[in-house]
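Structure (structure tokens):
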């Protein structure tokens, strides 16, 4: 933990290093810590005058990606505007890490989480008895967030950007069909690579898009208007037409790049990256099936146990400011969540937006998501 | 081990020399004897402590969720899983109360369902066959023939073992994909194309890529430990070369081949990312579902599946251990068989045939091992437009120079990997030797103890990660204090735990086969048990010790799950973590880091085995 060595830490006021008796070689080395389990939360006031530290938890690629990531710019810019130090935390299990901490009774060691999805919130609420996140409350700029993106009915998560999951295809090899039905045609046999909806965000979004399109035979009525044909029927036909469902987005995208198939489920910002690499844009075409794409808004929320809730809200307001919204979208290669965002000219030429964005809200996902995925798994992998 | 006490005490005795040298020296001898006598017990206690803290307790906190739901003990979740035909196929009928005959009939029927568990076992069994088929000829080549570069080649066989699955996937697409190397070559000679990607075959080859070297290494170590005098005795008694092989050499090599097979089965039974990268979801294994369920926080079902997985893997390991225990060949020492030159000494069928066979084998091995690795190297110097470039390596340098403090940089990753690997091998070696000694004593339930000691191989990696998070990173509350373990020390301990079973398995068979009279005579002459181990037994089984150390280092170099969980500070990341971090839309930077991992690992092994190899044949 970074605050292990940080003398200004307010969260852990007393520290001791315990040696593990006899643990051959492992003993006595730093890394074993003991802290009073009441947390000693900031009651000592020993750091009253020091610069406060805001711990922002997020996913790894937000601060560390080989191409671009907003983390460094956000930290520098925030610290220049606010008298505070920003510290990143990127646990490998992402938001599940904090769910685990909460259910294990360990203190939450961050102030807010950046990068929450609708599915995350549903899962958190199903698992954690008390509130893991606090209501957003007064956040300047929260009213500028576009209506279609607000996914939290309890107003904890405030969206700060969104992505659209679409098809990316190599225009020199094929022309992607314009509709879901077109993917079932003989001409596209074995042409599409998708991802495991149980393990990848794009795979999950694509599955949810098919649920939205064809319905689940129960709660969700599909856009196709056929009550007897649901998403599982569609997937049975898609599987018969040799769709590949690989594990992660990386698996799928690298197989697609290696010419294993001409179409892949990915993000509609693909050309932004392709342009950065001076690649042939003809090989990076975007297709919105039925003129739609599944929107994947990302939100931020303050932890209920945050040490710096006010500072955290200040950070949320910061992320929603028009210039920051533009920078975040550009550096995270996504779309702003507010209409007021300032984006560079030409960004919209490469980052494509669908005519119609589709997304399930919190209430629609709650209680249904697990079933949709596991029924799909049982049909697709049944052997 | 016991050596640790010598330095400081030695100095003390020197300083006391002029007062009363003799008495102090005698006292020192007594102290040393006492220490040595206790050394084994102390080391055993330390081993148990490490295992408890870094493995059994953390993993226990997760597995217990399969039987404790909302505070109540129940077998309901477990029962639901085994009765679900989706998981257990036709076996589900058995748990639903149908007779074994009905189940057998269902299995023979055309509509049989293997279930996810059944399919996982099926692909693991096939992977094992392929790995043994590719591994044993390699061992034959390395153990019985002399040729330039043999030792280096032998050292490099460990390299596939440490490669992250995404690197292997990159190499495989480039090697066996639609437009890959294999198809290009086939097209040039008017054959092909072969559609290998996204098939069971691709998975089997990838599993062989990882595990055939393992089979080859353990088999080579056993083959090199065959005592030449036993073969000579057999020959002098009139046995032909084949008879001598069948009755003397083979019985000592079989257990190693079976060990390789058992480990391959266990590893490929728990396979995860590679299956979805090269096969697809139709070929999903148990671990895919453990991952998904754990990610969705459905721990009860995830743990139940993992327990099922564990039971099957442990049964395989226990079966192997029973076999090993009943097939020990006693030997008095090791004078290795002389190697034959690879170059044909004379043109006879007896000399020609094995070399022809090895020639064919070399071609197949080149296709399975060299082509994917070469494709990986090639990908690291290929840009988005297909032209050769050093951009990806420039990225590494650039990241090293300008990366922010919270970002992953290449050099600390290399340095940490080397430090963790060396430290964890130093911890894993004594742990492994101690457990090997304990499990080669004769008592009831020995196979069970041996199997449980190998549990780190058999528990779902995903749940180990989760357990470490809960058990160590979050810590436990004791008397109002929250005690947590994380950072470098915890990573070293976790790596040692993951690697030590290798040491046990490469050292135990040797100890077992040693003539007990050697130990007994040394003990009769007054040597402590620890001293006998150090001065008599270990030197005799040294190839096994070196092989075990090599595996421990390899495990540490390639480990990912435990490392990311325990590296809570920004500075404890390793090369596999850096590779994962550098994966982007283009895989160039990650591939370049993968090549760094490959080179660093390869060099380390050449060095390790050069150092260890000096003891060959003592």
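Chains as they are written, first to last, in the numbering used here: chain A, 1 to 383; chain B, 384 to 1001.
Glycine is no exception: its CB is placed at the ideal position from the N, C-alpha and C atoms.
Note that the structure is predicted; figures quoted are calculated from it, not measured.
Of the residues the options, the one placed nearest residue i, counting alpha carbons only
i	options	result
residue 836 of chain B	B:917, B:529, B:811 and B:857	B:811
residue 929 of chain B	B:972, B:502, B:980 and B:991	B:991
residue 83 of chain A	A:221, A:355 and A:312	A:312
residue 425 of chain B	B:459, B:581 and B:912	B:912
residue 761 of chain B	B:820, B:974, B:794 and B:461	B:974
residue 518 of chain B	B:592, B:653 and B:456	B:592
residue 547 of chain B	B:458, B:939 and B:512	B:939
residue 978 of chain B	B:551, B:476 and B:406	B:551
residue 500 of chain B	B:709, B:465, B:764 and B:706	B:465
residue 679 of chain B	A:327, A:131, A:251 and A:204	A:204
residue 666 of chain B	A:70, A:377, A:94 and A:74	A:377
residue 897 of chain B	B:411, B:858, B:449 and B:923	B:923
residue 187 of chain A	A:173, A:197 and A:198	A:173
residue 607 of chain B	B:525, B:533, B:595 and B:654	B:525
residue 944 of chain B	B:887, B:963 and B:926	B:963
Simplified DSSP assignment, three categories, for residue i
i	result
residue 580 of chain B	coil
residue 113 of chain A	strand
residue 786 of chain B	coil
residue 56 of chain A	strand
residue 309 of chain A	helix
residue 221 of chain A	strand
residue 156 of chain A	coil
residue 229 of chain A	coil
residue 466 of chain B	coil
residue 161 of chain A	strand
residue 366 of chain A	coil
residue 86 of chain A	strand
Spatial distance of residue i from residue j (CA atoms)
i	j	result
residue 797 of chain B	residue 788 of chain B	16 angstroms
residue 214 of chain A	residue 355 of chain A	19 angstroms
residue 89 of chain A	residue 284 of chain A	34 angstroms
residue 854 of chain B	residue 438 of chain B	9 angstroms
residue 771 of chain B	residue 292 of chain A	39 angstroms
residue 221 of chain A	residue 212 of chain A	8 angstroms
residue 864 of chain B	residue 106 of chain A	11 angstroms
residue 445 of chain B	residue 966 of chain B	30 angstroms
residue 618 of chain B	residue 627 of chain B	6 angstroms
residue 563 of chain B	residue 259 of chain A	9 angstroms
residue 325 of chain A	residue 341 of chain A	5 angstroms
residue 194 of chain A	residue 358 of chain A	18 angstroms
residue 116 of chain A	residue 200 of chain A	15 angstroms
residue 98 of chain A	residue 110 of chain A	9 angstroms
residue 776 of chain B	residue 451 of chain B	50 angstroms
residue 362 of chain A	residue 637 of chain B	59 angstroms
residue 25 of chain A	residue 917 of chain B	Here residue 25 of chain A scores only 34 on pLDDT, less than 50, and its place in the model is too uncertain to base an answer on.
residue 353 of chain A	residue 87 of chain A	33 angstroms
residue 779 of chain B	residue 279 of chain A	21 angstroms
residue 697 of chain B	residue 841 of chain B	7 angstroms
residue 988 of chain B	residue 554 of chain B	22 angstroms
residue 657 of chain B	residue 380 of chain A	18 angstroms
residue 44 of chain A	residue 94 of chain A	Confidence is the limiting factor: at residue 44 of chain A the pLDDT is only 42, short of 50, which leaves the residue's position unreliable, though a coordinate-based value still follows. Answer to the nearest angstrom: the Cα atoms are 31 angstroms apart.
residue 982 of chain B	residue 902 of chain B	42 angstroms
residue 41 of chain A	residue 307 of chain A	Confidence in residue 41 of chain A is poor, its pLDDT being 45 and thus under 50, which makes the residue's placement too unreliable to answer from.
Chain E contact for residue i (CB, 7 angstroms cutoff)
i	result
residue 562 of chain B	This model lacks chain E altogether; the protein chains it does include are A and B.
Any non-hydrogen atom of the ligand ATP within 6 angstroms of residue i CB
i	result
residue 363 of chain A	Because no ligand of any kind appears in the structure shown, any question about the ligand ATP cannot be addressed here.
Beta-carbon proximity check, residue i vs residue j, cutoff 7 angstroms
i	j	result
residue 272 of chain A	residue 350 of chain A	yes
residue 839 of chain B	residue 884 of chain B	yes
residue 101 of chain A	residue 133 of chain A	no
residue 337 of chain A	residue 68 of chain A	no
residue 815 of chain B	residue 880 of chain B	no
Length at least 3, wholly inside the region 853-913 of chain B: the beta strand (DSSP E) runs in chain order:
Secondary structure within the region 853-913 of chain B: the beta strand (DSSP E) runs of 3 or more consecutive residues, fully enclosed, are 859-861 and 864-868 (chain order).
Any chance you could list the alpha helix (DSSP H) runs of at least 4 consecutive residues sitting entirely within the region 938-991 of chain B, in chain order?
Secondary structure within the region 938-991 of chain B: the alpha helix (DSSP H) runs of 4 or more consecutive residues, fully enclosed, are 944-949 and 958-965 (chain order).
What are the start and end residues of each continuous alpha helix (DSSP H) run of 4 or more residues lying completely inside the region 481-511 of chain B, in chain order?
Annotation: the region 481-511 of chain B contains the following complete segments of the alpha helix (DSSP H) (minimum length 4 residues), in chain order: 483-491.
What alpha helix (DSSP H) runs, 4 residues minimum, are completely inside the region 254-299 of chain A?
Taking 4 residues as the minimum length, the alpha helix (DSSP H) runs contained wholly in the region 254-299 of chain A are 270-276, in order along the chain.
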